[in-house]
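Protein chains: 2
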Amino acid sequence: LNAIIVTIGDELLQGLTLDTNSSWIGKNLLSYNINVTKTLSIGDTSNQIVFEIKNILQEEFDFLFITGGLGPTHDDITKSAFVRIMNDELVFDENYYLELKQKFSKNSIKMLPMHRTQALLLKKGDIIPNDFGTALGTHYSIDNKHIFIMPGVPTEMKTMVSKYIIPKYIKSDPKNMIITIKTIGITESHLSEKLNFLMKKYSTECKFSFLPSYKGVSFRITQTKDNSNLLMLKDQFINQIQPYAYGLNDDTLELIVSLKLTKLNLTISTAESCTGGLLSKLLTDIPGSSNYFLGGISPYNNKLKEIMLDIPKSSLEKHGAVSNDTALKMAKNIRLKTGSDIGISTTGIAGPGGGNKSKPIGLVYIGLSTKNQDYVKKYNLNFNRNINRIVTTYKALNMIRLLINENNFES
Amino acid sequence: LNAIIVTIGDELLQGLTLDTNSSWIGKNLLSYNINVTKTLSIGDTSNQIVFEIKNILQEEFDFLFITGGLGPTHDDITKSAFVRIMNDELVFDENYYLELKQKFSKNSIKMLPMHRTQALLLKKGDIIPNDFGTALGTHYSIDNKHIFIMPGVPTEMKTMVSKYIIPKYIKSDPKNMIITIKTIGITESHLSEKLNFLMKKYSTECKFSFLPSYKGVSFRITQTKDNSNLLMLKDQFINQIQPYAYGLNDDTLELIVSLKLTKLNLTISTAESCTGGLLSKLLTDIPGSSNYFLGGISPYNNKLKEIMLDIPKSSLEKHGAVSNDTALKMAKNIRLKTGSDIGISTTGIAGPGGGNKSKPIGLVYIGLSTKNQDYVKKYNLNFNRNINRIVTTYKALNMIRLLINENNFES
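Just so you know, the protein sequences line up as chains A and B, in that order. In terms of the working numbering, the first sequence opens at residue 82 and continues consecutively. In terms of the working numbering, the second sequence opens at residue 82 and continues consecutively.
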């Protein structure tokens with residue numbers, strides 16, 4: 082089965098908004114064995130929308146997903162374009178208008194005359210509910226082809242797809258034709274070297290690809306024959322690259338760390354200097370994080386390292402804030418202060434300023450402290466401020482993962 | 082002048098890689114007054130590349146930018162597709178091959194047989210140099226239309242565009258034909274209402290568009306006639322929507338807040354519960370943040386609110402952690418503890434769990450404390466955990482902005 086995706090909006094063409102909708106839809110359809118053959122972004126111009134959609138309707142596809150241009154302002158013209166494309170008409174839905182009125186009044190937002198257009202619905206189409214916004218979606222069915230028109234706001238679109246479109250129009254169960262193994266702490270070429278003989282062995286039934294990013298390298302196995310058992314096969318690959326593989330598919334490192342902390346009933350606290358709160362932010366991204374995350378401190382100012390973390394002024398003056406010694410004390414003291422099982426710290430020079438010959442930009446120390454051991458890892462990173470902070474944070478998360486993996490906490 | 086962008090690669094359609102190239106090119110062309118009319122992503126299939134590009138060649142455009150599929154591996158087929166599209170042929174460039182050989186040996190990387198294909202060049206095209214990678218770009222010129230074929234790796238592509246394509250083929254100076262006014266704290270429709278008469282007044286010389294996001298609504302003015310003075314015109318729009326407009330174009334709220342704090346020589350500290358460090362992360366994203374950011378605490382656990390922020394257990398028990406009272410005490414105590422000019426706090430129920438009838442998911446309190454005043458704002462948000470946290474953080478940043486705007490610190 083094939084799909085085409087069209088995203089509508091001048092902001093996409095002018096680089097003001099990144100089109101994340103196409104990518105999200107493509108990824109989700111793939112798990113139902115539906116291939117996206119192309120994606121198209123076009124502007125808020127009625128003639129162009131009509132021209133491009135009419136062209137696509139001549140092509141081969143099973144599903145056409147369209148997002149954007151359903152809002153109440155003057156540049157939202159997707160519905161009127163579809164009046165032309167489908168020889169349809171817009172009808173005013175009194176019931177939905179009343180529903181909207183109640184929604185606005187409940188949220189104490191003033192309803193404006195322009196909001197009336199949100200109750201104008203395409204007559205020949207079916208409604209797709211919108212759980213979060215005011216713009217309803219529309220579904221057309223022509224010659225066994227399905228067309229879905231959805232708002233461009235990602236959360237609204239995603240809920241429409243997952244909750245209404247997939248169960249009603251796609252129906253099939255998701256298939257595991259693709260598995261992504263997520264790794265951290267190893268480069269793409271070294272990963273490739275370790276996996277080379279396995280890739281050769283299975284080259285007739287699988288395709289392989291590597292996707293490096295600042296958060297680690299993803300390795301993807303795509304099954305090309307239906308008869309191979311991907312779930313069993315993947316374990317051979319994972320075994321070959323331990324301890325670098327931390328999860329599968331949509332797993333994030335912060336999720337894996339949080340699951341392990343929860344499972345072992347461990348608590349953690351953070352003391353962040355160069356990462357400024359990013360580590361505690363990621364550790365609390367996960368629902369239920371209060372089970373393991375006790376708290377964090379970002380003592381940016383040196384005086385606060387003294388006051389809030391009891392790091393002696395003399396030691397800060399001797400070793401400097403960016404040092405093995407400070408990282409170690411930060412990790413240990415936040416652990417003792419909060420009573421957590423694990424204390425972790427970051428201190429470094431993220432850039433663009435602040436570096437010198439002995440402590441260059443990119444120099445980072447990450448400290449880890451438990452009841453049984455305290456240690457520090459030192460890195461020399463080579464990115465910009467933003468990426469240096471992200472890389473440091475993921476290295477810290479990986480240190481937590483490895484610490485727990487090594488069964489340091491099982492008795 | 083119009084442009085079309087085509088990005089090539091299965092990973093774009095399968096949601097493994099986000100297409101950031103189209104967005105970057107679109108944004109950069111706009112400053113040279115070149116409009117991107119559409120962008121297209123297609124897979125690594127020779128027939129499809131030939132079909133789509135041949136179709137586009139029939140359309141109207143001045144520039145066609147193509148990225149991706151120029152690497153040395155088996156799925157890089159853009160060059161061979163262009164042999165078919167242009168009736169061209171691939172010729173082996175001995176000099177470039179020697180150059181490559183030296184590059185590899187200089188970087189101590191083993192050159193593989195497959196790298197030979199990087200020296201196969203399209204005969205009818207001109208070469209576009211690649212400062213970072215091995216894949217050269219190609220330029221074709223047909224009937225005053227320019228076609229650029231570039232690698233998909235963003236740094237390689239960006240340097241080709243900025244350093245070689247724009248100076249050689251676009252030539253013109255960048256124009257300020259577009260201004261984006263960034264706002265926060267007002268909805269798209271209310272902004273539209275406030276600006277309606279101005280939009281009507283200038284409708285013959287400008288185009289207007291709104292871009293809502295969780296971080297606020299951007300309002301964009303695009304000049305359609307060369308004679309209007311956009312820089313002066315924008316002030317009329319800004320005056321109409323105070324105090325919601327906080328910046329222009331690429332300004333972020335955290336940048337604006339940091340600039341104001343720095344300018345007024347003010348210091349700030351944070352006490353975050355529901356946002357878990359995101360606010361301190363954003364405040365320290367800006368280089369030089371140590372000038373204004375003293376430090377932050379994320380006392381996730383209630384006991385830490387007592388220990389680290391001196392909030393009495395009795396008061397926590399009486400009002401709850403998510404309350405006006407706790408938010409106020411958190412803001413005041415972090416300010417006093419760190420000695421900062423401004424203390425700001427967040428506490429709320431981000432979801433998906435933890436809500437009840439009297440304190441539902443999405444209930445958030447943001448506290449602000451200065452020497453002269455302490456106050457709390459309460460919000461009922463309606464998103465998922467992640468977005469609730471982002472929205473809370475931006476509302477907090479906006480409270481800081483408004484506090485400083487009101488000249489509370491000027492004597």
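Yeah, the Cβ is synthetic: ideal placement off N, Cα and C, and Gly gets one too.
- In this structure, the alpha-carbon of F144/B lies about 22 Å from that of N128/B.
- Look at the segment 447-468 of chain A: the residues with a C-beta under 8 Å from a C-beta of chain B are R466, N467.
- Within the segment 343-417 of chain A, the alpha helix (DSSP H) runs of at least 4 residues that lie entirely inside it are, in chain order, 359-364, 383-390, 394-400.
- Residue range 175-187 is occupied by the alpha helix (DSSP H) that includes K187/A.
- Shown here, I166/B sits in a helix according to DSSP, grouped into three states.
- Rounded to the nearest whole angstrom, the C-alpha separation of F278/B and L193/A is 15 Å.
- Taking the Cβ atoms as the reference, G436/A lies roughly 11 Å from L462/A, outside the contact range of under 8 Å.
- For Y221/B, the secondary structure class from DSSP, reduced to helix, strand or coil, is strand.
- If you look at T236/A, you'll find it in the alpha helix (DSSP H) that goes 235-240.
- Neighbourhood of D224/A in chain B, by CB distance below 8 Å: empty, with the nearest CB roughly 22 Å away.
- Each of T303/B, I209/B, N346/B, F146/B was checked against the Cα of H227/B, and the nearest Cα belongs to F146/B.
- Per DSSP, the continuous alpha helix (DSSP H) segment holding M313/A begins and ends at 311-321.
- Closest in C-alpha terms to I349/B, from the list S361/B, N114/B, D455/B, G429/B, comes S361/B.
- K410/B is classed as buried because its beta carbon has at least 16 other beta carbons within 10 Å across all chains shown.
- Nearest C-alpha to I378/A among H271/A, S354/A, G214/A, N479/A: S354/A.
- Contact between T427/A and A402/A is ruled out by a C-beta separation of about 11 Å, above the 8 Å threshold.
- Beta-bridge analysis with DSSP links S450/B to G424/B, D455/B.
- Checking the DSSP bridge columns, you'll see G149/B has no partner listed.
- Here T351/B has L360, S361, G377, I425 as same chain residues with Cβ atoms under 6 Å from its own Cβ, once five neighbours each way along the sequence are excluded.
- Its chain contains K160, S161, V164, L201, L202, L203, K204 as the residues whose beta carbon lies nearer than 8 Å to that of L171/B, once the 5 sequence neighbours on both sides are disregarded; these appear in chain order.
- Below the 9 Å Cβ cutoff, chain A contributes L94, L121, S122, I123, G124, Q129, E133 as neighbours of K119/B, in chain order.
- Membership of K288/A in the beta strand (DSSP E) is indicated by the continuous run 287-294.
- Using beta-carbon distances, D422/A does not count as an interface residue toward chain B, since no partner is under 8 Å.
- In the DSSP assignment, Q199/A falls outside any beta strand (DSSP E) and carries neither an H nor an E.
- In the DSSP annotation of this structure, Q304/B is not part of any alpha helix (DSSP H); the continuous beta strand (DSSP E) holding it starts and ends at 297-304.
- If you look at I130/A, you'll find it in the alpha helix (DSSP H) that goes 127-139.
- DSSP places N83/B in the strand class (E or B) of the three-state scheme.
- Excluding its 5 nearest sequence neighbours in each direction, H196/A has C-beta neighbours in its own chain below 6 Å: P153, listed in chain order.
- Beta-bridge annotation (DSSP): L329/B is paired with I262/B.
- Residue environment: T148/B is assigned as buried (16 or more neighbouring CB atoms within 10 Å of its CB, all protein chains considered).
- Below the 9 Å Cβ cutoff, chain B contributes L99 as neighbours of T101/A, in chain order.
- Secondary-structure assignment with DSSP links Y460/B through a beta bridge to V445/B.
- The beta carbon of D332/A is closer than 6 Å to those of K263 in its chain, skipping five residues each way along the sequence.
- For the segment 387-399 of chain B, the beta-carbon criterion of a distance under 8 Å to any beta-carbon of chain A is satisfied by I388, M389.
- In the structure shown, T154/A adopts coil according to DSSP, grouped into three states.
- By the criterion of a C-beta distance shorter than 6 Å, T219/B is surrounded in its chain by L203, G206, I230, once the five residues flanking it on both sides are discounted.
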